[in-house]
Amino acid sequence: MKKLLSLLLLAMLSVGAWASEITINMNNVDLTWTAVGDDQQTTSQGITIYYAKAGSTTSTSQGLTANHIRFYKNTTVKISAANPITKIVFTPDGSYTADACFTPNVGTMSGQQWTGNASEITFTMAAQYRCKKMVVTLSDGTVAAPYFTPAEGTIYGPTEVKIHAQEGATINYTLDGTTPTTSSAVYSNPINVTATTTIKAIATVDGTTSEVATATYTMETAQTVANIAAYAALDDDVTAGISNPVVVTYANGQNTYVKDATGFLCIYGNEISGKYSQGDVIPAGFGGLKTTYNNGAEMHFPLFGFADATETQTVVPDEVTIANFGNCQMWQYVVLKGAQITYHNGKNLGFRVDNSTDSVAGYNQFSLSLPDMDATYDIYGIVTSYNGNIQMYPIEFVDINPSTVASIAELLALESGKNATFTTPVTAVYHNGKQLYIKDVNDDFMLVYGSLSNTYNNGDVLNDIAGNWTIHNGLTEIIPIAATFGEATPGTPVQPVLIPIEEIDQSLIHHYLRIENCTLDSIAGSNGRNFTLTDETGNMIMRTNFSGISVGEDFDFDATYNVEGFLAYYESGETQQLQFYPNLIDKVGGDAIPGDVNGDGSVTSADVTALYNYLLNNDSSALVNPIQDGDEPITAGDITAVYNIILGQH
160 MKKLLSLLLL AMLSVGAWAS EITINMNNVD LTWTAVGDDQ QTTSQGITIY YAKAGSTTST
220 SQGLTANHIR FYKNTTVKIS AANPITKIVF TPDGSYTADA CFTPNVGTMS GQQWTGNASE
280 ITFTMAAQYR CKKMVVTLSD GTVAAPYFTP AEGTIYGPTE VKIHAQEGAT INYTLDGTTP
340 TTSSAVYSNP INVTATTTIK AIATVDGTTS EVATATYTME TAQTVANIAA YAALDDDVTA
400 GISNPVVVTY ANGQNTYVKD ATGFLCIYGN EISGKYSQGD VIPAGFGGLK TTYNNGAEMH
460 FPLFGFADAT ETQTVVPDEV TIANFGNCQM WQYVVLKGAQ ITYHNGKNLG FRVDNSTDSV
520 AGYNQFSLSL PDMDATYDIY GIVTSYNGNI QMYPIEFVDI NPSTVASIAE LLALESGKNA
580 TFTTPVTAVY HNGKQLYIKD VNDDFMLVYG SLSNTYNNGD VLNDIAGNWT IHNGLTEIIP
640 IAATFGEATP GTPVQPVLIP IEEIDQSLIH HYLRIENCTL DSIAGSNGRN FTLTDETGNM
700 IMRTNFSGIS VGEDFDFDAT YNVEGFLAYY ESGETQQLQF YPNLIDKVGG DAIPGDVNGD
760 GSVTSADVTA LYNYLLNNDS SALVNPIQDG DEPITAGDIT AVYNIILGQH
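For my numbering, add 159 to where a residue sits in the sequence shown, where the first one is 1.
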């Protein structure tokens, strides 16, 4: 009772004393930049960022990219707001992250965080900094205006617009040009814009309402060309669509590489990041802004018309040699067989064959874990160029003569980066995106991290897989040789180990665990992803790391939950901690999730597979909630019901 009264008192004292924390993703998709002479300016959620070329010797004031903004040396960055700013935290993207980059005119800088109290701060850049995100904290009592993704501008086809606001805010919006009020439509799902539309929105927290945010999307008709060759022949800065399908040769982050019978193309933009995999056929009718990158044709954001792939094809790389590599086409998918890594210096690489004096240059664009330099590989990659010189972005190193191991422990006993093939089968435990958890014959668990063509279910048995190990953020993981991860044989699903929090330690990293009768408390400033997980024995950090697993606005924090998932270790700077990644958050005494046949907390193709296995093989091992159409027995109608739920999620 005393605890409840204390919480109520704290809540009463907190009214009107909260600060507004505004997250701004610094990319050219979420933001609209306006030229001011040689300078650039943008406003998001009431925060204005003015970027001045100042003493820079570069040809442009800043580098606008799909995933970060480049603040160059000797330029200045001015950040301002109507209310005083008390803190700004900058987050870098990859390289160019020096703490000493920013020199503020007021306040203090510690690492990559500014603190003070000012409505306008000017930073002078001592070195180039690639800014991926900034989090701005305003003084008490302010609600940030909502913002829209993609940012307002010209669109060329149906476009889903998302409205964002600070945590805990209610968003009201209008589509008819009128000013929204708290009685206007409440935002809950992306808005499908199919014609020229102006969206206005407000955010409200504890009775305090933000300024009105406005975004106008102007629908225009794009030029159409027949194929990649015709698209590549267009002038730069022309928006056009391609009227024939293309096949994906490789996809990684903002880069999607495609081909057709006439050539190769790089599609660049985070609007389709993660949407396609190798072999997917992108239907006709997609398009974007034609640009040139390193002498190669590129389709740039804003992108439009990218429908889901309806078929896949087997993609075979073109085999090349050292002698003919210079004749390759930009963005071509190739394999250089029997090659060695001759050197690596940062991201720069060199490859040669049979100890020849001739070599091919490479650039580790996708930040691969580099394997043993003494071994010989078939190197798969994408052709590109730099300063007019042809080179390769490697995407996979396949060891021609790998070592063999019988267990995860034997693989970890090898040198980091040394490829090896498993002589014994492993069992898939959980697969989500690039993260695949496996268990070996010794009941040891490990995370396999990388893009795979197949998707695996709990209990699937994999034979002859190969890869090497590395350490990322303090966490040991296997980097797979994707070609060795083929079709699996269904097996017995792995059950999580029931354990109290007080018994969890580093020896259980990557293990599949179950913690019962827990409470969850959200951790401020984590964008709704980090929580304190507490049972009767202790507490730890829980992070919603897997796609499809989230804690939404309607989550009941007063309830008790059983959670299942995997133990992870996170290390960054001074932060070193164990974290729990849930793949199931099950309310004690709560209703089952509609469509969640196998009880893993999400609705995916795995639920359809579980029903198929029962109907075809009478295998009920994965069934937790099989009746989905409201009547018994289990029939194809239940499969149809799950399909409808999955389709409704997209």
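All C-beta atoms, glycine included, are put in the ideal place defined by N, C-alpha and C.
For residue i and residue j, which I take to be in contact (beta-carbon distance under 8 Å), what is that distance rounded to the nearest angstrom?
i      : j      : result
Val302 : Ala362 : 6 Å
Val371 : Thr318 : No, Val371 and Thr318 are not in contact; Cβ-Cβ is about 21 Å, not under 8 Å.
Ser436 : Ser610 : 7 Å
Glu311 : Thr368 : The Cβ separation is near 21 Å, so there is no contact.
Val405 : Val397 : About 18 Å separates the two Cβ atoms, so there is no contact after all.
Glu636 : Leu606 : 5 Å
Ala520 : Gln550 : 4 Å
Asn578 : Ile640 : 6 Å
Val236 : Phe282 : 5 Å
Leu774 : Ile804 : Incorrect: roughly 18 Å between the Cβ atoms, too far for contact.
Gly447 : Leu424 : Rounded, the Cβ-Cβ distance is 10 Å, inconsistent with contact.
Ile660 : Met699 : 6 Å
Thr357 : Thr373 : 7 Å
Report the residue from the options whose alpha carbon sits nearest the alpha carbon of residue i.
i      : options                        : result
Tyr346 : Gly618, Pro305, Asn242         : Pro305
Ile554 : Gly576, Val494, Ser575, Gln594 : Val494
Ile638 : Thr377, Val265, Val407, Leu595 : Leu595
Arg702 : Tyr728, Ala727, Tyr740, Val722 : Tyr740
Ser872 : Thr274, Phe282, Ile481         : A query on residue 872 cannot be resolved here, the shown segment of the chain reaching from 160 to 809 and no further.
Ser515 : Gln735, Ser528, Asn523, Gly497 : Gly497
Pro366 : Leu737, Thr356, Gly327         : Checking the sequence shown, residue 366 turns out to be Gly, not Pro. Cα-wise, what sits closest to Gly366 is Gly327.
Phe714 : Arg688, Ser706, Gln736         : Arg688
Asp531 : Leu770, Trp490, Phe556, Ser709 : Phe556
Gly547 : Tyr502, Tyr452, Val474         : Tyr452
Thr408 : Gly464, Tyr539, Phe463, Asn348 : Tyr539
Arg511 : Tyr492, Asn483, Gln488, Met489 : Asn483
Ile350 : Ile322, Thr329, Phe604, Asp335 : Ile322
Ser432 : Asn226, Phe282, Ala354, Tyr522 : Asn226
Glu470 : Pro442, Thr614, Asn486, Phe282 : Pro442
Asp603 : Ser612, Thr582, His670         : His670
Gly711 : Asn523, Ala194, Ser681, Val756 : Ser681
Lys291 : Ala781, Ile228, Tyr332, Glu279 : Ile228
Pro649 : Ile752, Gly707, Asp533, Ala769 : Ala769
Lys746 : Tyr608, Thr201, Gln488, Phe716 : Phe716
Ala565 : Asn601, Tyr536, Asn348         : Asn601
Can you check whether the CB of residue j is closer than 9 Å to the CB of residue i?
i      : j      : result
Gly422 : Ala466 : no
Asn622 : Pro584 : yes
Ala240 : Phe261 : no
Ile624 : Thr580 : yes
Arg289 : Pro251 : yes
Gly412 : Phe525 : yes
Gly438 : Tyr315 : no
Asn403 : Ala385 : yes
Val364 : Ile183 : no
Asp395 : Lys449 : yes
Thr383 : Ser528 : no
Pro309 : Phe445 : no
Asn627 : Leu672 : no
Ala727 : Leu743 : no
Gln287 : Phe230 : yes
Thr313 : Thr329 : no
Thr191 : Tyr210 : no
Asn632 : Phe705 : no
Ile208 : Ile181 : no
Any beta carbon from chain D within less than 9 Å of residue i's own beta carbon?
i      : result
Leu782 : No chain D appears in this structure, which consists of one protein chain only.
Are the stretch 692 to 700 and the stretch 753 to 766 touching, with three or more C-beta to C-beta distances below 8 Å? no
If we require 4 or more residues per run, which alpha helix (DSSP H) segments fall completely within the stretch 660 to 744? none
Any chance the stretch 559 to 566 sits against the stretch 542 to 549, with 3 or more Cβ pairs inside 8 Å? no
Hey, is the stretch 666 to 681 in contact with the stretch 643 to 651, meaning 3+ C-beta pairs nearer than 8 Å? no
Segment contact, 8 Å Cβ cut-off, at least three pairs: the stretch 425 to 441 with the stretch 180 to 191: yes
Cβ contact (3+ pairs, closer than 8 Å) linking the stretch 499 to 510 and the stretch 441 to 458: no
Tell me, please, whether the stretch 708 to 725 touches the stretch 653 to 672 by the rule of three or more beta-carbon pairs shorter than 8 Å. yes
Taking contact to mean 3 or more Cβ pairs, one atom from each stretch, closer than 8 Å, check whether the stretch 780 to 792 and the stretch 665 to 672 are in contact. no
Counting only runs of 4+ residues fully inside the stretch 502 to 580, write out the alpha helix (DSSP H) ranges in chain order. 567 to 572
In chain order, which beta strand (DSSP E) runs of at least 3 residues are fully inside the stretch 378 to 411? 382 to 384, 398 to 401, 405 to 411
Whole beta strand (DSSP E) elements within the stretch 292 to 344, 3-residue minimum: 306 to 308, 312 to 314, 318 to 323, 329 to 333
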